[in-house]
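**Q**
In the working numbering, the protein residues as written are 8 to 263.
1. Residues in its own chain within less than 6 Å of residue 206 by CB, not counting five upstream and five downstream?
2. State the CB to CB distance for the pair residue 146 and residue 114, rounded to an integer number of angstroms; the pair is presumed to be in contact (CB under 8 Å).
3. Can you tell which of 244, 221 and 242 has its C-alpha closest to the C-alpha of residue 234?
4. Look at the alpha carbon of residue 120 and the alpha carbon of residue 236, and state the distance between them as a whole number of angstroms.
5. Taking 8 Å as the threshold (C-beta atoms), are residue 137 and residue 79 in contact?
6. With distances taken Cα to Cα, identify the nearest neighbour of residue 231 among 108, 89 and 41.
7. Can you tell me which of the three DSSP states residue 263 falls into?
8. Using only the alpha-carbon positions, how far apart do residue 191 and residue 51 sit?
9. Determine the contact status of residue 49 and residue 153, defining contact as a CB-CB distance below 8 Å.
10. Considering only their Cβ atoms, is the gap separating residue 241 from residue 211 smaller than 8 Å?
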């Protein structure tokens, strides 16, 4: 337990009451701000396109799920590759991470779709979108996992070796449990960013959530009515990830 944490967390009624107060304050702040607009809402014109919003949201869901799983696998591979004794693989991994993290995702999407995918005759833009998002996010996940692995003390590795654990057993029973606990908060942030970054796939013609909202806006000229559902839709996707990772943090927490 650290010095910043209370010895006894407050009871759930106290936490619920304080959460309600904070939520009410934020709600009143936004309510007051919108009231000052004197804006004529036109929800009826946007409601006619509800099916388009739903289709775009579902497309974003499956794009994000596919990219989340693949990027986690890519990140783990390159995190381990950067620690490899095989120097070409180690340097290849370092170059990949630095190039991807040092260039904008928008540029990577365009190059991957119009150059790399065309060279390999990959015509499915949805497949290209998932691969691009996965390789982009994988570079960041790789650094998160690598830093978490290297945070495990050298004395623990020596102790594992002393009791006869193999390298694979050391990773499984000593390194990975601690690295997972350390990497959960930044991983949650990266997964949330990946979901929001999927909106950039509209530049290659993918009809995801943001693209469909833009199209409805261009047809109805109802900007707020189009983008408020967009914000809520993304929040529905990202909030469960944050809550789930916080639950895992508490579950995996132990005294040091």
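Backbone N, C-alpha and C fix where the C-beta goes; we use that ideal spot for every residue, glycine too.
**A** If we stick to the structure as given:
1. Residues of the same chain with a CB within less than 6 Å of the CB of residue 206, apart from the 5 flanking positions on each side, are 217 in chain order.
2. For residue 146 against residue 114, the beta-carbon gap comes to about 14 Å, at or over 8 Å, which does not count as contact.
3. Taking only the C-alpha atoms, the option nearest residue 234 is 221.
4. Cα to Cα, residue 120 sits roughly 29 Å from residue 236.
5. By the CB criterion at 8 Å, residue 79 and residue 137 fall outside the cutoff.
6. Nearest Cα to residue 231 within the set 108, 89 and 41: 41.
7. Caution applies to residue 263, whose pLDDT of 45 falls short of 50 and renders its modelled position unreliable; the model cannot decide the point.
8. About 42 Å.
9. The Cβ-Cβ distance between residue 49 and residue 153 does not fall below 8 Å.
10. Here residue 211 is not near residue 241, since their CB atoms are 8 Å or more apart.
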